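Have a look at the structure below, then the notes.
Written out as structure tokens, the structure is:
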């Protein structure tokens, strides 16, 4: 056995059980494994990591369910491709394991499945063990987690991972025991146990269902009580009404129960006459049904529209297209209703809705929507927030709804599509015959069906929705699915309402309820008519065959499967990802993070499965990941500007005023740093958004000051300059002791008089790159020191602060910078080191934090020394060379820089550097050594990976770009803190798209 492996295991044991501060390779470190999404922990993530790393595996668990194996299916398919052998032993204990799950596992060619017969053996069987072997090392997870959805994702579970060589006593005993059970006469092969177990399971399942019916005569009434969202909404709505407001808005994710919320509110708040306004007949019927369940027969209910004119009921459910006509509208007095509810309220700016709203005078207008920012009616000057007087009774978006378990869990799989057409072609009105044939090829249809069958569904049969780019594609794919034995329909805006309703009924119905006239459907194909306004709770699979054009539409379509239903444990989402520029919107939609910060988006692709709340999971295959990373790297400036404008309009609508940078930060809209990178200043951004270059009356000196502060301190990497500016907003002069005390009290930050002097130099415009910048920013004239440990504002700065536009924007910069500091940078890596582990920094930030006195980013390349600190900057994936006459891209040699594991990093010096030269002296002998890494040049900023020590250094040779061999030094670093697993996976993931 390699000595290095023994050493790694010893270091892992010491770090786990003796000294937690010791850096050790995480692959060899024992650990505690539990479910805690807030900390990025899920049992399933640890199991997946080990599966992908191992050369063989053995699993022994009492229970296996479809909910438990579905999120592992992508990983298990990859192991089958690699021919990694696995043995899985389960039991017939309590007849709990699901036959479908067992059959699914047995389909995989690399897995052998057995069932231990506890009745024949006459003993219990409660093991929960996962054994992974690689080379001569076992990694074994033992504890409380069966292969069920809740155990692997959301339950309170305690497991421990042990690391051992094959000679280790504990591991040997565990493996020996597994093998003894595996080879026992009571461990039955799949062919021996399956049919008998399946028949028995079905009988017992039927008995349980019958018992449940006897125990709960009316399951629906038993469950019918407000959920957490509905309770909070009713409390808040009551407060709004008590304030005298006559309009309110409920913003709630699809599937969280908006209609029931409104019904409970009407009941609790005592409204006697209610109008429920919708834009489709199907919605009116669904809403009426929900209200009837809440009110029973205590009020009369009727429909106006779709051929019905039941005007005189207490509660009227009306189609807006019907009610806005005079002959129907004038059936009512203006005060006929106590409350008017507008469903899908993002449509309310439309003229039809406005006519109804302008006619009636109820005590309350209540709007309900999942997408208030949709603005698909294109009416300038009106927005949903404004229409409801900015009175938000409650807001709960997808992430929060999942945290509160209001939605059905989903398992999302991002799968590489084989129909590779680009965005422009996909969006075009008329596809060429060649491109259309790509979308509807036999190969693509077989690929879609193969994936749909493999990833399966929850429940007795598939009840799926398939979203396509165009109606012709829907019709053709539906026909091709039908030719393969499926029962499908394509629906469009041209489909009559009755046929739509029948299709929805057929999709939802049980197989045993089929008649000669009405047969079940397996799938409904559509473009966008199913995005809203349907309520098929039974949907258990959603397939996306179109590019993601916006996060809103993505969530609408995903949301079609998120309603809870009896017998539906989860919904499977299959997203076929092509070569689309907008692929970056997929993680944006799934995470709910609208900052469009590229680093945040990248991180979610890698670690979203660990951080998504509840039992939901997210997986991308490797090619799909690279397509998304490529899209992130290539976001067009024009696309970014469109997103900024959309974010600006959304916030302005919501707030009822022009948003400032702090509003963007606090509402998690577009990242202020992204805005400033594009526009340099807030005033320039706002003027562009408002199309008014005279929006702010700022002098040239004020503009220059704002540009410098935005560029230098907005990032919030340290509070020094920000706190001085904050104090100067109210005072003409401040003492050093005031700054010291304020930093200590507000941020727990130690600042010295020397640091204050350095911060003052920055605020004097000295933190610049070159003479051109120095000349531009030298006259910002903010402060001066009086030599007696006091700072005072320069008169011209005091005069500028008297100008409200300037004061407000300085205050905004300070507020955002300090908020960013407290959220991201307030807990540095260790005392004396100003960097936070794994946060992103630009070279400019490093210059500032190291008190370089000026911006050294233009000269800070692969290695830079500042005093007692040396900095190594690495781009992990080098730009690919396409020039056959050169060894590498000019200025970007293909150095062999890489992490060997979580602790060891190999690094190449610049070409033509020797061990005994001044360059290497800095690397080897500077006291503190720091590593910064970015994945590609497109990232611009670097992850701070921590300090390192040099273990080895030797000279070698490498060709320069003229093909001449030159000396180079090859070094082996040891990180003082083991690199976090998800970040390491991100840096190492995939090759470039070109290589793919």
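Numbering (the numbering used here), first residue to last: 233 to 1228. Glycine is no exception: its CB is placed at the ideal position from the N, C-alpha and C atoms. Nothing here was measured: the structure is a model prediction, and the numbers come from that model.
Return the chain-ordered list of same chain residues with a C-beta closer than 7 Å to the C-beta of residue i, the five sequence neighbours on each side being excluded.
i, result
"residue 387", "267"
"residue 787", "630 and 821"
"residue 560", "536 and 554"
"residue 593", "566 and 567"
"residue 908", "942 and 946"
To the nearest angstrom, report how far apart residue i and residue j are at their CA atoms.
i, j, result
"residue 1146", "residue 920", "53 Å"
"residue 1108", "residue 496", "56 Å"
"residue 969", "residue 1072", "31 Å"
"residue 1195", "residue 772", "60 Å"
"residue 942", "residue 915", "11 Å"
"residue 301", "residue 900", "34 Å"
"residue 1300", "residue 751", "Here the chain has residues from 233 to 1228 only, and residue 1300 is not among them."
"residue 603", "residue 484", "8 Å"
"residue 584", "residue 556", "6 Å"
"residue 710", "residue 780", "21 Å"
"residue 767", "residue 460", "21 Å"
"residue 433", "residue 426", "10 Å"
"residue 1190", "residue 421", "57 Å"
"residue 575", "residue 987", "58 Å"
"residue 1065", "residue 1193", "37 Å"
Please classify residue i as buried or exposed, where buried requires at least 16 other C-beta atoms within 10 Å of its C-beta.
i, result
"residue 1201", "buried"
"residue 616", "buried"
"residue 626", "buried"
"residue 252", "exposed"
"residue 449", "Confidence in residue 449 is poor, its pLDDT being 39 and thus under 50, which makes the residue's placement unreliable; the coordinate value appears in the next sentence. The residue is exposed, with fewer than 16 neighbouring Cβ atoms inside 10 Å."
"residue 424", "exposed"
"residue 1159", "exposed"
"residue 385", "buried"
"residue 390", "exposed"
"residue 249", "exposed"
"residue 700", "buried"
"residue 452", "Below a pLDDT of 50, predicted positions are generally treated as unreliable, and residue 452, at 41, falls in that range; no measurement from the model is reported."
"residue 475", "exposed"
"residue 402", "exposed"
For residue i, report the span of its beta strand (DSSP E) as first-last.
i, result
"residue 1016", "1015-1017"
"residue 1104", "1101-1107"
"residue 601", "596-601"
"residue 627", "624-628"
"residue 1137", "1136-1140"
Given residue i, which residues of its chain have a CB within under 8 Å of its CB, disregarding the five upstream and five downstream residues?
i, result
"residue 635", "845 and 846"
"residue 1092", "1075, 1078, 1079, 1103 and 1105"
"residue 375", "265, 360, 389, 390, 391 and 392"
"residue 260", "237, 240, 241, 243, 244, 369 and 395"
Looking only at DSSP bridge pairs, what is residue i linked to?
i, result
"residue 1179", "1162"
"residue 397", "369"
"residue 1201", "1187"
"residue 965", "1024"
"residue 419", "348"
How far does the alpha helix (DSSP H) with residue i in it extend, from its first residue to its last?
i, result
"residue 716", "First-last for residue 716: undefined, no H or E at that position."
"residue 978", "968-979"
"residue 300", "298-301"
"residue 849", "That residue, residue 849, is in no alpha helix (DSSP H); its beta strand (DSSP E) goes 849-852."
"residue 309", "305-314"
"residue 944", "932-944"
"residue 679", "674-687"
"residue 918", "914-922"
Leaving out five residues before and five after residue i in sequence, what residues of the same chain have Cβ atoms less than 6 Å from its Cβ?
i, result
"residue 712", "677"
"residue 609", "Because residue 609 sits at a pLDDT of 42, beneath the cut-off of 50, its placement in the model cannot be relied upon, and the following sentence gives the value as read from the coordinates. Counting only Cβ-Cβ distances below 6 Å, and skipping sequence neighbours, we find 581 and 582."
"residue 705", "671"
"residue 1130", "1138"
"residue 958", "1046"
"residue 464", "626"
I want to check one thing, is the minimum distance from the CB of residue i to the heavy atoms of the ligand ADP below 7 Å?
i, result
"residue 678", "With respect to the ligand ADP, the structure offers nothing, as it holds no ligand at all."
With a cut-off of 8 Å, does the C-beta of residue i fall near any C-beta of chain D?
i, result
"residue 991", "No chain D is present in this structure, which holds just one protein chain."
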